[in-house]
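Visitor:
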Amino acid sequence: MAGMRCRKCHAPAVINMRHHKLALCAEHYLEWFVAQTQRAIEKYHMFGPEHRVLVAVSGGKDSLTLWDVLLQLGYQADGLYIDLGIDGGFGYSKISREKVLAFHAQHPDRQLHIVDVRETYGESVPEVARRTRRGRGKPCSVCGLIKRHIMNRVAREGGYYALATGHNLDDEAAVLFQNVLHWQTGYLARQAPVLEEGEGLARKVKPLCRFYEREVAAYALLRGIDYIYEECPYSVGAKTIYYKELLNQLELKSPGAKHQFYLQFLEARKRGRITFTEDREAAELHPCERCGQPTTAPGLCAFCRLWEGREKTPQPLVATSESVE
Ligand code: AMP
Ligand code: FES
Ligand code: ZN
Ligand code: ZN
């Protein structure tokens, strides 16, 4: 960064974004980041100021940044933290929960929903993973299933217009790369900044999907957002991390490559240059007999099957009185 100057005010720059040919000082970078988020929200018609939005916050930099930016932009954004009960020898879930609570303490006018998986359903994520075949010793698949179910449930029970997650460009490019390598046409059809509401499914949006991970990290740092640095202990060796590393090598040789890869995919698909049909089973979705969320399985969905024979009486996850306007 030596010698680089902010394009707007000529003060020393704190960040240089080669793909945008743009160097900025701290003040103008924060301003740019917030404005770019607003542009993405408008471009993809994510939500408006009249809508209530539920931000899924993990305690990491991406989702806390997202919540912070949405609040700065004046959106009606509440938080949802899912306590997965993961320890990993250092209290992963406990620390992330503390980070979320500390952030929320600065925004007492907004609501934070906390769903503790063990308290709500009887077992933590690692415990379910150990007991069930789907877990096979690694909780990630079970964890993803549980998180998706709870996010949907809270978004719908709370009457939210959209569920927002902190996925950034590095996340989206890695998933796209993985899906292309395996020609997962069903996933490619659906990978998008906005997923429309479906029968029993909340509308899903990813307002940070055009930012590199380092841009989000720079925002969090400059705003003094206190987040958990540690990754989930089970993410070690995950496939997406491998794809992220490959894309980082590409980016090093050819700055902007990730940005192009993801955004030109979205453009080409939008213009009908590439078309994918959704998986055939998508047409055969029906509501789960127990929870009502859509499933291809007959009877119970994969989430409800995790708890078969040990179900507790379902409790509402959202405290209805104060939360719904
Ligand atoms: P990940 O799948 O861990 O990369 O997380 C993707 C996004 O899901 C994050 O940016 C959050 O918006 C959301 N998320 C992940 N973990 C949690 C959690 N424990 N509670 C609430 N939201 C979460
Ligand atoms: Fe779910 Fe790691 S297993 S966050
Ligand atoms: Zn400046
Ligand atoms: Zn179900």
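Residue 750 is where the sequence shown starts when you use my numbering, and the numbers rise one by one after that. In this text, a Cβ means the ideal position worked out from N, Cα and C, and glycines have one as well.
#1: Please classify C758 as buried or exposed, where buried requires at least 16 other C-beta atoms within 10 Å of its C-beta.
#2: Is it the case that the Cβ atoms of L996 and A1046 are separated by a distance below 8 Å?
#3: Report the start-end ranges of each beta strand (DSSP E) in the stretch 936–974 that is 3 residues or longer and not cut off at the edges.
#4: Excluding the 5 residues flanking E1033 on each side, which residues of the same chain have their C-beta closer than 7 Å to its C-beta?
#5: Quick check: what's the CA-CA separation for A775 versus G752?
#6: Apart from the five residues on each side of it in sequence, which residues of its chain come closer than 6 Å, Cβ to Cβ, to K953?
#7: Using C-beta distances below 7 Å, list every residue in its chain close to P956, excluding the 5 sequence neighbours before and after it, in chain order.
#8: Once you ignore the five residues that flank D827 on each side, which residues in its own chain have a CB closer than 6 Å to its CB?
#9: What residue does the alpha helix (DSSP H) around H777 start on, and which one ends it?
#10: Looking at C-alpha atoms only, which residue of M766, A760 and P761 is the closest neighbour of S1119?
#11: Classify D865 as helix, strand or coil using the three-state DSSP reduction.
#12: Measure the Cβ-Cβ separation of S845 and G834 and say whether it is below 8 Å.
#13: Look at the Cβ atom of V849, then the Cβ atom of Y824, and state whether they are nearer than 8 Å.
#14: Quick one: Cα of N917 to Cα of R1054, how far?
#15: Taking buried to mean at least 16 other C-beta atoms within 10 Å of its own C-beta, is F782 buried or exposed?
#16: By Cβ distance below 7 Å, which residues in the same chain neighbour D975 in space, the five residues on each side in sequence not counted?
#17: One question on the structure: do Q1042 and G949 come within less than 8 Å of each other, judged by their Cβ atoms?
#18: Please report how far the alpha carbon of R880 lies from the alpha carbon of K1019, in whole angstroms.
#19: Determine the burial state of S807: buried for a count of at least 16 other Cβ atoms within 10 Å of its Cβ, exposed for fewer.
#20: Rounded to whole angstroms, what's the CA-CA distance from G838 to V864? Just pull it up for me.
#21: Output the boundary residues of the alpha helix (DSSP H) element that contains R879.
#22: Let me check understanding here. Comparing Cα to Cα, which of K792, A784, P1036 and C892 lies closest to L819?
#23: Identify whether P857 lies in helix, strand or coil by the three-state DSSP scheme.
#24: Which whole-angstrom value describes the C-beta separation of K810 and A1051, a residue pair presumed to lie in contact below a C-beta threshold of 8 Å?
#25: Alpha carbon to alpha carbon, how far is S1072 from E799?
#26: My parser needs the alpha helix (DSSP H) runs of 4 or more residues fully inside the stretch 976–1009; what are they?
#27: As a quick check of your reading: which residues have a C-beta less than 6 Å from at least one non-hydrogen atom of ligand 4, in chain order?
#28: Please state whether DSSP places T1026 in a helix, a strand or coil.
#29: Over the uninterrupted alpha helix (DSSP H) stretch that includes V903, give me the two end residues.
#30: Relative to the alpha-carbon of E780, which residue among Q821, L930 and F1025 has its alpha-carbon at the smallest distance?
#31: Give me whichever residues DSSP pairs with A913 in a beta bridge.
#32: Would you give the residue range spanned by the beta strand (DSSP E) that L829 belongs to?
#33: Look at R756 and L773 and say whether their C-beta atoms are less than 8 Å apart.
Guide: With the given structure in hand:
#1: By the Cβ neighbour-count rule, C758 is exposed, with fewer than 16 other Cβ atoms within 10 Å of its own.
#2: no
#3: You should have found no qualifying run.
#4: T1045
#5: 15 Å
#6: L912 and L944
#7: T786, A789, I790, M795, L815 and A913
#8: L803, R859 and Q860
#9: A775 to K792
#10: The structure shown does not extend to residue 1119, since the chain spans only 750 to 1074, so no value can be given for it.
#11: strand
#12: no
#13: no
#14: Across the structure, N917 and R1054 are spaced so that their CA atoms are roughly 31 Å apart.
#15: buried
#16: K848 and A851
#17: Taking a C-beta distance under 8 Å as the contact criterion, Q1042 and G949 qualify as a contact pair.
#18: 43 Å
#19: Its Cβ being crowded by 16 or more others within 10 Å, S807 is buried.
#20: 22 Å
#21: V874 to R880
#22: A784
#23: coil
#24: Actually they do not touch by this definition, with Cβ atoms about 30 Å apart.
#25: Caution applies to S1072, whose pLDDT of 42 falls short of 50 and renders its modelled position unreliable; the value that the coordinates give is listed next. For S1072 and E799, the distance between alpha carbons rounds to 16 Å.
#26: DSSP runs (the alpha helix (DSSP H)) wholly in the stretch 976–1009: 988–1002.
#27: C1037, R1039, C1040, Q1042, L1049, C1050, F1052 and C1053
#28: In the structure shown, T1026 sits in coil (DSSP, three-state: anything other than H, G, I, E or B).
#29: C889 to E906
#30: Q821
#31: According to DSSP, A913 bridges with V804 and V954.
#32: Q825 to D832
#33: Going by C-beta atoms, R756 is nearer than 8 Å to L773.
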